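Structure first, then comments.
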Amino acid sequence: MKIYLYLDNDDAEAVRDLAEPMIAAMATWLMASRSSAALVDCHEGGRSDRDIGLTIETNRRSTLAKPLDFLYELATAYQQEFVIGVIDEQAVHEDICYFGFEEGKPDIHEVASYLGLPK
1408 MKIYLYLDND DAEAVRDLAE PMIAAMATWL MASRSSAALV DCHEGGRSDR
1458 DIGLTIETNR RSTLAKPLDF LYELATAYQQ EFVIGVIDEQ AVHEDICYFG
1508 FEEGKPDIHE VASYLGLPK
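Here you go:
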């Protein structure tokens, strides 16, 4: 299952302002954590000019724990929200749930349940 964790902000100007520091933080974290996640950079191959975040190919909930924790810290630091969703075989993105500064810390068990990942 291909899962995305993207910045959820409809303000294009705000996203432009956030892009560089958030992308740099994500790239640094990816290198340090050795996560299997991949960076989505709005400047390089996102669906739109506002896609900033991570994608992860997994069927295991444990794979999501560290990226969720990291992105929650990033969300609180920048006072932003993130959306979690799935990408199907036709590259259709389906938003599933949200977390961040206002929505709060994501619960891995709840998120995995929403995504249909096994225990």
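Throughout the sequence shown, residue numbering follows this note's numbering, covering 1408 to 1526 in sequence.
Glycine included, each C-beta is placed from N, C-alpha and C at the ideal position.
For clarity, every value in this text was computed on a predicted model and none was experimentally measured.
Under the three-state DSSP convention, the category residue i falls into
i     : result
E1510 : coil
L1412 : strand
D1418 : coil
Segment limits, beta strand (DSSP E) that includes residue i
i     : result
T1462 : 1460 to 1464
A1445 : 1445 to 1447
Cβ-Cβ distance between residue i and residue j below 8 Å
i     : j     : result
C1504 : Y1521 : yes
L1437 : L1478 : no
A1519 : L1471 : yes
A1426 : I1459 : yes
I1410 : T1462 : yes
T1465 : M1408 : yes
R1468 : I1515 : yes
First and last residue of the uninterrupted alpha helix (DSSP H) at residue i
i     : result
L1471 : 1469 to 1485
V1493 : Run containing V1493: none in the alpha helix (DSSP H); it sits in the beta strand (DSSP E), 1488 to 1494.
P1525 : Unbroken run through P1525: none, as it is neither H nor E.
Residue i versus residue j: straight-line alpha-carbon distance, rounded
i     : j     : result
D1502 : A1434 : 23 Å
Q1487 : L1475 : 14 Å
G1507 : E1517 : 15 Å
E1480 : K1473 : 11 Å
H1500 : V1490 : 11 Å
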